[in-house]
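Number of protein chains: 2
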Amino acid sequence: MKNSQLYKGSLNTILMKLLEENGKMYGYEITQKVKEITKGELKITEGALYPALHKLEAEGVLEVEVVQVDNRLRKYYKLTEKGSAETVNKLAELEEFIKNMQTIVNPKLSY
Amino acid sequence: MKNSQLYKGSLNTILMKLLEENGKMYGYEITQKVKEITKGELKITEGALYPALHKLEAEGVLEVEVVQVDNRLRKYYKLTEKGSAETVNKLAELEEFIKNMQTIVNPKLSY
DNA sequence: CAAATATACATAATATTCTTATGTATTGTT
DNA sequence: AACAATACATAAGAATATTATGTATATTTG
Chain D
1 MKNSQLYKGS
11 LNTILMKLLE
21 ENGKMYGYEI
31 TQKVKEITKG
41 ELKITEGALY
51 PALHKLEAEG
61 VLEVEVVQVD
71 NRLRKYYKLT
81 EKGSAETVNK
91 LAELEEFIKN
101 MQTIVNPKLS
111 Y
Chain G
1 MKNSQLYKGS
11 LNTILMKLLE
21 ENGKMYGYEI
31 TQKVKEITKG
41 ELKITEGALY
51 PALHKLEAEG
61 VLEVEVVQVD
71 NRLRKYYKLT
81 EKGSAETVNK
91 LAELEEFIKN
101 MQTIVNPKLS
111 Y
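Below you can see the structure in the form of structure tokens.
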């Protein structure tokens, strides 16, 4: 997350949405995917990513599958059933958030 | 800020935009205004608001005018020249942020 | 082929931001 | 008289992310 402060608090939502979209992903893959789809504008740092993944796992939102590729480890993360349900809420919250921010930034359009 | 974690990091942007829009405002007025325009969905807490205002003032983004109304104080805040310039950047960052989040949430529409 | 870059994980110290709780004081409402 | 609203403020703690660092393998490039 190498950007404006605005991204603070949005990492979990990003992770959950990506996993909902892609089934399972490993950490490094996530960083690359985000860089790709935002055309380099959002860079997720490892120091934010790995603790976030571990916490979501501890909460039962994600589960891990460790795979050996060549001589290297990959930890694939995917949503649990609980995680899938929570992702729906997270995305609804994001929509609300964006709506509210747009209302503040562009009040003429809304009230 | 009594809501999802998503709002973390967005308070300064909100404050600066409101002051750009309304010229000058005092703390309590800001809390009410935000509650009003978001129809009660976003509530800025005092514990977040006042330290944020003080910090922006210390940074030279805002300046204060203390007014006595009846026997009570009001501290009106307004953007400095520097603050007005930074608000332009803040709003550009917000647009970028929203655009990127929408890209992540709805990838089919974008790439 | 050595060096640099990319892949892949991880954590610790620190910084930032916000929540929750609390405090003071005046004014308006029931 | 009691409670809610107005109006400011701060302190302890939680949550989140940055920056720096560490380990190790694989691939590219000069």
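Those sequence lines, one after another, are chains D and G.
Residue numbers for the first sequence follow the UniProt record's numbering, so the first one is 1 and each next one is one higher.
Residue numbers for the second sequence follow the UniProt record's numbering, so the first one is 1 and each next one is one higher.
Virtual Cβ for every residue (Gly too), placed ideally from N, Cα, C.
Since this is a predicted model, take the numbers as computed values, not measurements.
Take residue i and list the residues in its own chain whose beta-carbon comes closer than 6 Å to its own, dropping the five residues that flank it on each side.
| i | result |
| --- | --- |
| G:MET16 | THR87 and LYS90 |
| D:LEU94 | THR13 |
For residue i, which option in the options has the closest C-alpha, if you only look at C-alpha atoms?
| i | options | result |
| --- | --- | --- |
| D:MET25 | D:LYS99, D:MET101, D:HIS54 and D:ARG74 | D:ARG74 |
| residue 116 of chain D | D:THR38, D:LYS8 and D:GLN5 | The question about residue 116 of chain D has no answer, for chain D in this structure spans 1 to 111. |
| D:GLY40 | G:PHE97, G:GLY47 and G:LYS108 | G:PHE97 |
| G:LEU11 | D:SER4, D:GLU57, D:LYS78 and D:GLU29 | D:SER4 |
| D:GLY83 | D:GLU57, D:ASN22 and D:LEU42 | D:GLU57 |
| G:VAL66 | G:TYR77, G:GLU59 and G:LYS99 | G:TYR77 |
| G:GLY9 | G:GLN32, G:THR31, G:VAL61 and G:ALA48 | G:ALA48 |
| G:THR31 | G:GLU46, G:LYS55, G:GLU21 and G:GLY23 | G:GLU46 |
| D:ASN100 | G:VAL64, G:ILE44 and G:VAL105 | G:ILE44 |
List the endpoints of the continuous alpha helix (DSSP H) containing residue i.
| i | result |
| --- | --- |
| D:TYR28 | 27-37 |
| D:VAL88 | 81-105 |
| G:GLU59 | That residue, G:GLU59, is in no alpha helix (DSSP H); it is neither H nor E in DSSP. |
| D:LEU11 | 11-22 |
Which residues of chain G have a Cβ atom closer than 8 Å to the Cβ of residue i, listed in chain order?
| i | result |
| --- | --- |
| D:THR38 | ASN100, THR103 and ILE104 |
Excluding the five sequence neighbours on either side, which residues of its own chain have a C-beta within less than 8 Å of the C-beta of residue i, listed in chain order?
| i | result |
| --- | --- |
| G:PRO107 | none |
| D:LEU6 | none |
| D:GLY60 | THR80, LYS82 and GLY83 |
| D:GLU20 | LEU79, SER84 and THR87 |
Which residues in chain D sit within 9 Å of residue i, going by Cβ to Cβ distance?
| i | result |
| --- | --- |
| G:THR13 | SER4, GLN5, LEU6, MET101, ILE104 and VAL105 |
For a contact defined as C-beta to C-beta under 7 Å, what are the partners of residue i on chain D?
| i | result |
| --- | --- |
| G:LEU73 | Ordered by position in chain D, no residue passes the 7 Å Cβ test against G:LEU73, which lies about 26 Å from the chain. |
| G:PRO17 | According to the sequence shown, residue 17 of chain G is Lys rather than Pro. Result: ILE104 and VAL105. |
Using a C-beta to C-beta distance shorter than 7 Å, which residues of chain G count as neighbours of residue i?
| i | result |
| --- | --- |
| D:LEU42 | ASN100 |
| D:SER10 | LEU6 and MET101 |
Under 8 Å between beta-carbons, which chain D residues line up against residue i? List them in chain order, please.
| i | result |
| --- | --- |
| G:GLU21 | PRO107 |
Using a Cβ-Cβ cut-off of less than 9 Å, list which residues of the stretch 90-104 of chain G approach chain D; keep chain order.
If the cut-off is 9 Å between Cβ atoms, the stretch 90-104 of chain G has LYS90, LEU91, GLU93, LEU94, GLU95, GLU96, PHE97, ILE98, LYS99, ASN100, MET101, GLN102, THR103 and ILE104 near chain D.
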